[in-house]
Amino acid sequence: MFEVDKEILNAVLLGEPAPEIIALEAQIRAAQLTGDVAALDHLISSELLFTGHDGQLGSKAEDLDAHRSGFFRFRSHQPEELRVSWVRPDVAVSSLRARLSVEVAGNLIEGTFRYTRVWAPEADGKWRVVAGHVSEVLNPELPHNGA
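The numbering of the sequence shown is UniProt numbering, which starts it at 1 and goes up by one.
(1) Mind checking residue 94: buried by the 16 CB within 10 Å criterion, or exposed?
(2) For residue 47, collect the residues of the same chain with a Cβ closer than 7 Å to its Cβ; drop the 5 residues on either side in sequence, then sort them by chain order.
(3) Please report how far the alpha carbon of residue 40 lies from the alpha carbon of residue 32, in whole angstroms.
(4) If you run the structure through DSSP and keep just helix, strand and coil, what is residue 59?
(5) Roughly how many angstroms lie between the CA atoms of residue 14 and residue 51, to the nearest whole one?
(6) Taking 7 Å as the threshold (C-beta atoms), are residue 71 and residue 105 in contact?
(7) Report the CB separation of residue 134 from residue 115 in whole angstroms; it is logged as a contact under 8 Å.
(8) Any chance you could list the alpha helix (DSSP H) runs of at least 4 consecutive residues sitting entirely within the UniProt domain "DUF4440" (21-129), in chain order?
(9) Please name the residue in 54, 37 and 30 whose C-alpha comes closest to that of residue 68.
(10) Can you tell me which of the three DSSP states residue 137 falls into?
(11) Give the DSSP-derived three-state secondary structure of residue 13 in the structure shown.
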């Protein structure tokens, strides 16, 4: 699944190639779709600051618990656009627009969402999400314009 995910993300990449970040985004997408909590644990920083679509701040522990318990179950995840911006050689920001179908507490939510993630290597040298945000794209029929 991981190689397929990389191909899908490469196909929707706008801008310069970013193989390191595409690989990480592919891994997190695969982990979300399969509910692979161990992979998510490896990809998410213990110091994560994540703002959900409702404006609430969430931690790594809360995210992992939601996947482990089945509170979150990704049913489909269709990337539409990926942009990567390098802040420094060791800090990247990704913006992924995707059509999602997710069960949240047993309720199916479908729509177009945009994830923003900050990727950076930690003390062990492994790249992880250190901050992120997800919000619904309110007018998904509009062109995906942006910087």
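Don't be surprised by glycine CBs; every beta carbon is placed ideally from N, CA and C.
The model shown is predicted, which means the values in this text are computed figures rather than measured ones.
Reading off the structure:
(1) buried
(2) 130
(3) 8 Å
(4) coil
(5) 24 Å
(6) yes
(7) 5 Å
(8) 37-43 and 60-69
(9) 37
(10) coil
(11) strand
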